[in-house]
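Input: a single structure, listed below in structure tokens.
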Amino acid sequence: MDGVWSNCTFAGSRIQRRQSARRTQTRLPSLNPLVETEIACPHCGESFPLLVDTTQNEQMLVEDCSVCCRPINLTIVCKPGEMIDVREAE
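Numbering (the working numbering), first residue to last: 6 to 95.
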């Protein structure tokens, strides 16, 4: 409800007046859905950063190693704003 209607008397006539209701606004902390982590390539052993979208609970991803360019199959488990597990898919 946006406001509260109240009855008022003005010079003998009855009118309705809208009183604005004060709203308390609660701001939720903003969560960044993108989380960066380091992964190690199972082929060459080099580590490189990986940016993960945490808006999906579980996802399978194929990421090419930034060093040797070979594909890495990953299983990623997340909750919004947080990465729980990253592992090579079997």
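For glycine and all other residues, C-beta sits at the position ideal for the given N, C-alpha and C.
What's the gap between the Cα of residue i and the Cα of residue j?
i: Arg-75; j: Ile-89; result: 25 Å
i: Phe-1; j: Cys-46; result: Here the chain has residues from 6 to 95 only, and residue 1 is not among them.
i: Ala-94; j: Thr-80; result: 5 Å
i: Asp-58; j: Glu-51; result: 22 Å
i: Cys-70; j: Thr-60; result: 23 Å
i: Asp-7; j: Leu-36; result: Here Asp-7 scores only 48 on pLDDT, less than 50, and its place in the model should not be relied on; the value that follows carries that caveat. The straight-line gap from Cα to Cα measures roughly 29 Å.
Helix, strand or coil for residue i? Go by DSSP, reduced to three states.
i: Asn-37; result: coil
i: Gln-61; result: coil
i: Arg-92; result: strand
i: Ser-71; result: coil
i: Cys-83; result: strand
i: His-48; result: coil
At the 8 Å Cβ level, is residue i part of the contact set with chain D, yes or no?
i: Gln-61; result: Protein chains in the displayed structure number just one, and chain D is not present.
Taking residue i as the reference, which of the options has the closest Cα?
i: Arg-92; options: Thr-60, Cys-49, Pro-85 and Val-67; result: Val-67
i: Cys-83; options: Ser-71, Gln-64, Leu-56 and Asp-69; result: Gln-64
Can you have a look at residue i and say buried or exposed, based on whether 16 or more other CB atoms are within 10 angstroms of its CB?
i: Cys-49; result: exposed
i: Ile-77; result: buried
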